[in-house]
Structures are given as structure tokens and as C-alpha cells.
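Residue numbers (the numbering used here): 462 to 667. Just so you know, even glycine gets a beta-carbon here, dropped at the ideal spot from N, CA and C.
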Ligand code: TMP
């Protein structure tokens with residue numbers, strides 16, 4: 462058992478397979494005897510899931526980027542306080558699909574909001590919590606959108622130009638923080654990618 466919890470996040474453009482990889486990693490870690498909480502952002506609590514519905518509803522296509530950024534942060538404040546911090550205090554491993562890097566990539570690099578402002582607000586709502594490791598599953602934006610399927614939510618309906626900026630934003634974050642962010646191509650064999658993820662995760666679990 463871990464004395465202190467571990468916080469692992471998965472990031473990537475649309476259709477990058479991060480949820481599949483997160484699930485496989487959780488199963489693997491549970492089999493190894495770790496206590497694992499798998500959750501997602503935006504969401505993971507009943508309040509945050511309600512905010513998610515507003516954010517992803519295609520009917521809200523006129524949403525301002527400032528409104529969007531603050532709603533993602535509001536959902537984050539709730540899940541950090543209600544789920545993530547208590548689980549980490551209990552020594553659990555928390556695996557989360559998306560976290561603050563998503564706000565930097567989507568609302569910052571692609572949406573044009575100041576990265577500094579996003580970092581400052583994130584610092585407040587997360588109480589300074591940062592992932593111990595982040596797996597960035599990289600994929601060509603157009604291919605990812607194709608993989609994501611036909612019934613598109615409000616974010617997936619944004620232009621290919623926007624989604625290319627999201628991808629490049631994520632790659633910039635990975636370049637800035639190579640110690641924390643492990644970038645992996647999402648187009649290779651699923652088993653090979655998962656093996657790399659498991660190895661890197663186990664290294665920090667010990
Ligand atoms: P999901 O598809 O990974 O469940 O995430 C929901 C969408 O919300 C996805 O398009 C990425 C987007 N998103 C942001 O734009 N900013 C954020 O801070 C987060 C967490 C997600």
C-alpha cells in the first residue's frame with residue numbers, strides 16, 4: 462500500500478484513446494493490489510457532471526471562452542475537494558481522464574486565453590495539486606476526430622483549425638515539462654503503448 466497517494470492523469474486530443482488506456486492501467490494497478498480511483502474531468506461528482514452537460518451541449522454553441530474556462534474550473538474545484546484530495550489522503554492512486562493541462566491546451570493554446578491566468582485560477586481551485594505523471598496520447602487532430610465518431614459534442618464540433626491548436630498546445634506542454642509529461646503516439650499497437658504506460662506508472666508507484 463502507498464503511504465501517500467499518487468495522482469496520474471491522461472491527456473490528448475479528441476479520439477486519442479486516453480479513456481481506454483486509463484481503464485487498462487487501472488485494471489492492472491488493481492491486480493497489483495493498489496487501491497485505485499478512476500475518474501474524469503469535467504465530471505466525477507454529481508455537481509461536476511451537471512456542469513459537464515452544460516459544457517458539452519451543442520445547443521450552447523454561443524458560449525464565450527471565458528465562461529467555458531470558468532465552468533471547467535468550477536467542475537474541477539468540486540472534484541478536487543470532494544474526490545481527488547480525500548482519495549490521495551487515503552493513500553489511493555487517482556487516475557483522472559484530463560486535468561489542468563486540458564484547460565491550457567483547449568481554452569489557452571486553442572481558445573486564446575492567457576496561460577498565466579489559467580495557471581493562476583487552476584492553482585486556486587486545485588489548491589496547488591499537480592499530477593505526479595501525465596500520459597499524453599498524441600494523435601493527428603483530424604484522425605482523432607474521425608475516431609471519436611459522428612455524434613459530436615459542442616467541443617468536438619469546433620473547427621479542425623482549433624483542434625490542431627489543441628494538439629500543438631499539448632505538445633508544447635510536453636516539451637516544457639518533460640519530467641512530468643510522457644508523450645506517446647496513439648497510433649501504434651494498443652498493447653505496446655499500454656506496456657510503456659504500465660512500466661512508467663509502476664516506476665513511480667514504488
Ligand atoms: P472528454 O471528451 O475527454 O470526456 O472531455 C470533454 C471535452 O472537454 C473534451 O472536448 C475536452 C474538453 N475540455 C476542455 O476543453 N477543457 C478542460 O479543462 C477539460 C477538462 C476538458
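For residue 576, three-class secondary structure by DSSP: Of the three classes helix, strand and coil, the one that applies to residue 576 here is helix, per DSSP.
Inside the segment 530-611 only - beta strand (DSSP E) runs reaching at least 3 residues: With a minimum length of 3 residues, the continuous beta strand (DSSP E) runs that stay inside the segment 530-611 are 554-558, 594-599.
Test item: CB-CB of residue 595 and residue 579 under 8 Å: No; because the gap between Cβ atoms is not below 8 Å, this pair is not in contact.
Cα-Cα separation, residue 657 to residue 488: A straight-line Cα-Cα distance of about 15 Å links residue 657 and residue 488.
Buried versus exposed call for residue 458 [16 or more other C-beta atoms within 10 Å across all chains shown]: Since the first residue of the chain shown is 462 and the last is 667, residue 458 is not available in this structure.
Same chain only: Cβ atoms within 7 Å of residue 586, ignoring 5 sequence neighbours per side: Correct list, in chain order: 534, 537, 538, 541.
Cβ distance (whole Å) where residue 647 is taken to contact residue 473 below 8 Å: Going by Cβ atoms, the distance from residue 647 to residue 473 rounds to 6 Å, so yes, they are a contact pair.
Inter-residue CB distance, residue 630 and residue 570 (contact presumed, cutoff 8 Å): That pair is a contact at about 3 Å.
beta-carbon residue 574 near the ligand TMP non-hydrogen atom, thresh 7 Å: Answer for residue 574: no, Cβ out of range of the ligand TMP.
Local Cβ density within 10 Å of residue 653, reported as buried at 16 or more and exposed below that: Exposed.
Own chain residues within Cβ distance below 6 Å of residue 607, not counting five before or after: Listed in chain order, the non-local C-beta contacts of residue 607 below 6 Å within the same chain number zero, local neighbours out to five positions each way being set aside.
When 665, 584, 482 are compared against residue 562, the one with the closest alpha-carbon: Nearest option by C-alpha distance: 584.
Where residue 560 falls, given that 16 or more other Cβ within 10 Å makes a residue buried: Buried, because 16 or more other Cβ atoms sit within 10 Å of the Cβ of residue 560.
Alpha-carbon to alpha-carbon, residue 504 and residue 553: Pairing residue 553 with residue 504, the inter-Cα distance amounts to about 19 Å.
For residue 654, three-class secondary structure by DSSP: Three-state DSSP puts residue 654 in a helix.
Cβ neighbours of residue 518 in the same chain (closer than 7 Å, five flanking residues each side left out): Excluding residues up to 5 positions away in sequence, 615 lie with their Cβ nearer than 7 Å to the Cβ of residue 518 in the same chain.
Own chain partners of residue 497 with C-beta closer than 7 Å, once the 5 adjacent residues on each side are dropped: Closer than 7 Å at the Cβ level, and outside the excluded window around residue 497, lie 487, 490, 491, 553, 554, 556.
Nearest candidate by alpha-carbon position, reference residue 530, set 589, 626, 576: The closest CA to that of residue 530, considering only 589, 626, 576, is found on 576.
Straight-line gap, residue 605 to residue 471 (C-alpha atoms, nearest Å): Rounded to the nearest whole angstrom, the C-alpha separation of residue 605 and residue 471 is 15 Å.
For residue 471, three-class secondary structure by DSSP: DSSP places residue 471 in the strand class (E or B) of the three-state scheme.
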